[in-house]
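In the working numbering, the protein residues as written are 517 to 896.
Below you can see the structure in the form of structure tokens.
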């Protein structure tokens, strides 16, 4: 007996198509499957726009010890970094990158926000650069990474029309980086890296995880079911979400001075990147210590953003320069005016092959993998 696709959709039970949809890794793949026909749209439920609960169901409390007369609570906002590529062969457009990276915030209500992948700069008047509407089903879309931010919600006091930063004897609570576990535990780096605060999902009280320690952090990341932090002195610390216990993983000696230390997870590996003004070093975490990568990064490329960092293989994303590091707010040696450019124009690249640091704005179009989008986006 022939079974029609309609018979696979049973509103009273979880049908085979729903089970198939659950195996898809990303929400974009579910969208593509639902777009095939009306029967699939009926059989497969649409997914929430984010992986976190709705704001009215997930209110983040104000940290204890911080005084505010106008903040009720915080909400957690999620953004997704997408890599967008043409379907089929690359259009014959000279000097065009084959991949476009864009960060997207999709609130449950309200317009979608487009942001720069590394700086988080929010673009306005995007219709000047993009076809409206932009149908993502016309492209090959991959979800690359997620970033988070805490947004203050004002009290219902009618005299208050905005939410000012929280303040205490420790300083202001202005989140510089927010990371989230799969269980919705939250860690926040704030107070210029001098304070790490953690909130376990379901708790009402934040914990200052380094109370009693004089530690200044450069970066934090969630990796292998633990929070990790790297200090300006080279200590790597880990934090267990369940017990809130802190332990020293390893120590990297060196005179870092004004260097920026970043943590980047990639598949099963954790990397540490040390950036000076005109050079960079990369280490991979081993069993007990950081191991320096001496002979280049091969086909790997690193992206260091303000709110999230990630690493990819260049051969899977045409336009990416292999053996390189992309980072935000760069000032190249041969550019005296880079500091006056919009923040998303100050994306830099460290190319290991010749050990140079350049601004992307000084390089040919094939390097333009961020904003504005490549010409083929408009022509499809």
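Each residue gets a CB set at the ideal place from its N, CA and C atoms; glycine is no exception.
Taking all protein chains shown into account, do 16 or more other C-beta atoms lie within 10 angstroms of the C-beta of residue i, making it buried, or fewer, making it exposed?
| i | result |
| --- | --- |
| residue 579 | buried |
| residue 704 | buried |
| residue 764 | exposed |
| residue 829 | exposed |
| residue 871 | exposed |
| residue 852 | Reliability fails at residue 852, whose pLDDT of 46 lies under 50, so the model's placement of it is uncertain and no value is given. |
| residue 685 | Note that residue 685 has pLDDT 49, beneath the 50 cutoff, so the model's placement of it is unreliable and the number below is only indicative. With fewer than 16 other Cβ atoms within 10 Å, it is exposed. |
| residue 575 | exposed |
| residue 827 | buried |
| residue 881 | exposed |
| residue 793 | exposed |
Which residue's Cα is closest to the Cα of residue i: the options?
| i | options | result |
| --- | --- | --- |
| residue 701 | 650, 759, 710, 667 | 759 |
| residue 795 | 775, 807, 801 | 775 |
| residue 598 | 618, 649, 586 | 618 |
| residue 642 | 690, 636, 650 | 650 |
| residue 593 | 710, 871, 573, 806 | 573 |
| residue 622 | 587, 631, 615, 656 | 631 |
| residue 654 | 661, 605, 802 | 605 |
| residue 586 | 636, 668, 595, 568 | 668 |
| residue 778 | 885, 841, 666 | 841 |
| residue 756 | 766, 748, 767, 744 | 744 |
| residue 510 | 821, 747, 633, 762 | This structure leaves residue 510 out entirely; the chain is present only between 517 and 896. |
| residue 773 | 782, 791, 767, 761 | 791 |
| residue 568 | 715, 699, 615, 883 | 699 |
| residue 836 | 810, 823, 866, 809 | 866 |
| residue 634 | 802, 869, 782, 823 | 823 |
| residue 904 | 733, 750, 802, 666 | Because residue 904 is not part of the residues shown, which for the chain are 517 to 896, the question remains open. |
| residue 724 | 843, 616, 884, 761 | 761 |
| residue 884 | 582, 615, 588 | 615 |
Go ahead and pull the three-state DSSP assignment for residue i.
| i | result |
| --- | --- |
| residue 893 | helix |
| residue 578 | coil |
| residue 697 | coil |
| residue 654 | helix |
| residue 517 | Caution applies to residue 517, whose pLDDT of 40 falls short of 50 and renders its modelled position unreliable; the value that the coordinates give is listed next. It is coil, neither helix nor strand. |
| residue 677 | Any reading at residue 677 must be qualified, since the residue scores a pLDDT of 47, below 50, and its modelled position is unreliable; the value itself is stated next. The answer is coil: DSSP assigns residue 677 none of H, G, I, E or B. |
| residue 888 | coil |
| residue 642 | helix |
| residue 883 | helix |
| residue 735 | strand |
| residue 573 | helix |
| residue 690 | coil |
| residue 786 | strand |
| residue 616 | strand |
| residue 725 | coil |
| residue 623 | coil |
| residue 745 | strand |
| residue 702 | strand |
| residue 720 | coil |
| residue 713 | strand |
| residue 661 | strand |
| residue 523 | In this prediction, residue 523 scores a pLDDT of 40, lower than 50, which makes its location untrustworthy; no coordinate-derived value is stated. |
| residue 605 | coil |
| residue 753 | strand |
| residue 594 | strand |
Just the C-alpha distance for residue i and residue j, rounded to the nearest angstrom, thanks.
| i | j | result |
| --- | --- | --- |
| residue 893 | residue 620 | 16 Å |
| residue 676 | residue 626 | Reliability of the predicted coordinates at residue 676 is poor, the pLDDT of 48 falling under 50, and no value is obtained from them. |
| residue 814 | residue 784 | 17 Å |
| residue 864 | residue 672 | 43 Å |
| residue 571 | residue 628 | 16 Å |
| residue 849 | residue 861 | Confidence at residue 849 is low in this model, with a pLDDT of 44, below 50, so its placement is unreliable and no value can be given for it. |
| residue 717 | residue 877 | 42 Å |
| residue 807 | residue 738 | 20 Å |
| residue 741 | residue 832 | 27 Å |
| residue 640 | residue 664 | 20 Å |
| residue 804 | residue 752 | 11 Å |
| residue 657 | residue 600 | 5 Å |
| residue 735 | residue 646 | 34 Å |
| residue 819 | residue 889 | 18 Å |
| residue 706 | residue 689 | 6 Å |
| residue 873 | residue 825 | 19 Å |
| residue 613 | residue 596 | 21 Å |
| residue 787 | residue 590 | 31 Å |
| residue 797 | residue 720 | 40 Å |
| residue 661 | residue 691 | 19 Å |
| residue 648 | residue 891 | 15 Å |
| residue 789 | residue 603 | 34 Å |
| residue 800 | residue 821 | 19 Å |
| residue 694 | residue 713 | 10 Å |
| residue 708 | residue 731 | 11 Å |
| residue 802 | residue 659 | 28 Å |
Taking CB distances under 8 Å as the criterion, tell me whether residue i reaches chain C.
| i | result |
| --- | --- |
| residue 820 | Here there is only one protein chain, and chain C is not present. |
Beta strand (DSSP E) segments (min. 3 residues) lying fully within the stretch 795-881 | 796-801, 806-808, 816-820, 825-829, 840-843, 864-867, 872-875
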